[in-house]
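Enquirer: A single structure is presented below for examination.
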Amino acid sequence: MEKLVFPKDFVWGTATASYQVEGAAREGGRGECIWDVFARKPGAVNAGENGDVACDQYHRYEEDVALMAELGFNSYRFSIAWPRIIPTGSGKVNPEGVAYYRKLCDELHKHNIKACATLYHWDLPQVLEEKGGWADRGVLDAFEEYVKVCYETLGDVIDTWITINEPFCVAYLGYLWGVHAPGQRDLNKALAAVHHINMAHGIAVREYRKTKLKAPIGITYNPATPRPATSSAADARAADISRAFNTEVFMFPALGKGYPELVTKDLNLSFPVQSGDMQLIAQPIDFIGVNYYTEHAVAADEKAQFKTTNKPSWETTTAMGWPIVPGGLERQLLWINEVSNGIPIYITENGCAYDDVVAPDGRVHDKERIKYLHQHLAVCADVIKKGVPLKGYFVWSLMDNFEWAFGYGRRFGIIHIDFKTQKRTVKDSAYFLRDTIAGYGEL
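Using the numbering used here, read the sequence shown as starting at 2 and increasing by one per residue.
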């Protein structure tokens with residue numbers, strides 16, 4: 002098979018999120034977040050599990066950074082926990098929280114690994130949710146205060162900034178379908194959350210530009226760009242509507258294109274836009290982050306709430322039940338490049354869950370993951386040749402972790418975690434990525 006070849010300056014990274022890996026939920030002055038509360042709701046999370054300990058990275062970050070360095074990664078995408086920085090959402094800053102992230106960044110830099118920080122990866126301080134959370138415009142004042150503190154206290158040690166991770170999940174999984182924290186099911190609240198998350202992104206970029214810091218700043222989406230189930234005009238339109246509702250309502254305002262008419266007119270949905278909001282959202286960004294796992298086929302369905310429905314797929318699936326569709330990544334990257342007029346793109350998450358076990362030889366032979374990663378990296382190499390400004394790739398995830406509502410029942414890591422002992426075991430897929438980074442990415 003053709004060897005994977007990438008530009009010399011290509012960024013190779015791993016990714017995690019604070020609630021999924023840090024643990025130390027009641028240490029270091031950290032306040033309570035919405036996932037702490039959501040995880041305590043009966044039936045909300047598999048087996049009643051939570052992120053209280055997770056991968057204990059708060060205490061083991063030195064070991065984890067050393068493993069990244071051994072594998073050849075040159076960037077680590079992590080998220081800053083808002084309740085570690087400002088435990089009550091706004092007001093007093095927690096110096097222990099700031100110190101933790103500075104120590105993490107210093108350790109990364111010691112190993113020549115760049116620090117890529119996500120400002121918001123879903124751990125909203127619970128006190129703000131009790132005031133209405135992302136469905137309430139008042140959250141934006143607290144968010145502005147929080148990002149200013151991050152820039153002031155961490156700006157000199159962060160090499161790349163990401164404003165929000167997956168606004169889709171924040172708004173829809175949290176406020177529309179209720180499968181993520183805070184577990185609400187209210188369309189109007191979800192639409193308000195869409196707009197306020199978009200505004201939070203704009204605020205984060207606006208305030209960043211005021212600091213004169215030089216590191217690039219962007220946003221990470223998990224774009225849904227489904228294919229039509231058939232060649233019918235109705236299904237083609239259904240795919241457009243699905244993409245508009247799931248992706249364009251977040252991406253297009255940030256690109257200065259406003260909310261798509263397929264949502265505002267065809268679906269007759271409205272967002273609580275006030276004067277000046279759209280200009281605020283459309284702050285110029287330095288890159289777009291893309292989290293890609295799968296692609297679905299959709300068909301028209303006038304009886305469905307949003308006029309579309311996912312149809313069964315033929316592809317092999319991962320442990321998440323997600324079809325493996327490398328071609329979907331190519332379609333997505335080409336589309337994003339077209340609509341964004343060539344803004345640099347990073348794959349900020351890509352990976353798969355399998356039921357990995359440590360074999361009698363003490364190794365984890367995750368061959369399915371290696372195949373998955375090779376297929377998707379081959380797409381990345383190919384689209385670069387086609388002119389897509391793809392600048393880097395972050396595998397999800399550095400290690401097995403708390404997979405939100407699935408608890409610890411889904412393993413995405415390239416490093417296996419024994420959650421009873423916290424023992425780290427490097428999987429074969431990590432060695433495959435090590436070879437790919439070094440220029441020997443062959444199957």
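Using N, Cα and C, we set each Cβ at its ideal position, and we do this for glycine too. The structure displayed is predicted, hence computed values, not measured ones.
Around the Cβ of Leu192, are there at least 16 other Cβ atoms within 10 angstroms (buried) or fewer (exposed)?
Expert: Here residue 192 refers to the residue found at position 191 when the sequence shown is read from its first residue. It is buried - the Cβ of Leu192 has at least 16 other Cβ atoms within 10 Å.
Enquirer: Could you check whether Trp397 and Phe407 sit closer than 8 Å to each other, using their CB atoms as the reference points?
Expert: What you label residue 407 is simply residue 406 of the sequence shown in a count that begins at 1. What you label residue 397 is simply residue 396 of the sequence shown in a count that begins at 1. Going by C-beta atoms, Phe407 is not nearer than 8 Å to Trp397.
Enquirer: For Leu5, name the three-state secondary structure that DSSP assigns.
Expert: By 1-based counting over the sequence shown, the position of residue 5 is 4. Three-state DSSP puts Leu5 in a strand.
Enquirer: Between Asp57 and the rest of its own chain, which residues show a CB-CB distance below 6 Å, the 5 nearest in sequence each way excluded?
Expert: The sequence position of residue 57 within the sequence shown is 56, counting from 1. Cβ within range, chain order: Gly24 and Gln423.
Enquirer: Does the stretch 61-74 come into contact with the stretch 95-115, if we say contact requires no fewer than three beta-carbon pairs (one atom in each stretch) closer than 8 Å?
Expert: The stretch 61-74, when compared against the stretch 95-115, does touch it at the 8 Å Cβ threshold.
Enquirer: Would DSSP call Thr265 helix, strand or coil?
Expert: Position 264 of the sequence shown holds residue 265. It is helical.
Enquirer: Return the bridge partner residues of Pro324 from the DSSP annotation.
Expert: Numbered from 1 along the sequence shown, position 323 holds the residue referred to as residue 324. Beta-bridge pairing links Pro324 to Thr318.
Enquirer: How would you label Arg186, buried or exposed, when you count the other beta carbons within 10 angstroms and need 16 or more for buried?
Expert: Numbered from its first residue, the sequence shown carries residue 186 at position 185. With fewer than 16 other Cβ atoms within 10 Å, it is exposed.
Enquirer: Quick one: grab the DSSP three-state call for Phe251.
Expert: If you number the sequence shown from 1, residue 251 lands on position 250. Phe251 falls in the helix class under three-state DSSP.
Enquirer: Between which two residues does the beta strand (DSSP E) containing Glu33 stretch?
Expert: Indexing the sequence shown from 1 puts residue 33 at position 32. Looking at the DSSP string, Glu33 is not in any beta strand (DSSP E), and its letter there is neither H nor E.
Enquirer: Let's see if you can read the secondary structure: which residues bound the alpha helix (DSSP H) around Thr212?
Expert: Taking the first residue of the sequence shown as 1, we reach residue 212 at position 211. That run of the alpha helix (DSSP H) goes Leu188 to Thr212.
Enquirer: For Thr15, which of Glu146, Leu68 and Ala48 has the nearest alpha-carbon?
Expert: Mapped onto the sequence shown, residue 15 falls at position 14. Selected option, being the one with the closest Cα: Leu68.
Enquirer: Would you call the stretch 420-440 and the stretch 144-151 touching, i.e. three or more CB-CB distances under 8 Å?
Expert: Segments in contact, no.
Enquirer: So with Cβ pairs under 8 Å, would you call Gly203 a contact of chain D?
Expert: The structure shown contains no chain D; it is built from a single protein chain.
Enquirer: What's the gap between the Cα of His366 and the Cα of Tyr355?
Expert: Stepping through the sequence shown from its first residue, residue 366 is reached at position 365. Stepping through the sequence shown from its first residue, residue 355 is reached at position 354. Looking at the two C-alpha atoms, the distance is approximately 11 Å.
Enquirer: For the putative contact between Ser76 and Trp162, defined by C-beta atoms under 8 Å, what is the C-beta separation to the nearest angstrom?
Expert: Position 75 of the sequence shown, counted from the start, is the residue given in the question as residue 76. Position 161 of the sequence shown, counted from the start, is the residue given in the question as residue 162. So it is not a contact: roughly 13 Å between Cβ atoms.
Enquirer: Rounded to a whole number of angstroms, what is the C-alpha to C-alpha distance between Phe251 and Tyr260?
Expert: Taking the sequence shown and counting its residues from 1, the one referred to as residue 251 is at position 250. Taking the sequence shown and counting its residues from 1, the one referred to as residue 260 is at position 259. Cα to Cα, Phe251 sits roughly 8 Å from Tyr260.
Enquirer: Following the continuous alpha helix (DSSP H) through Lys386, name the residue where it begins and the one where it ends.
Expert: By 1-based counting over the sequence shown, the position of residue 386 is 385. Segment Lys368 to Lys386, the alpha helix (DSSP H) holding Lys386.
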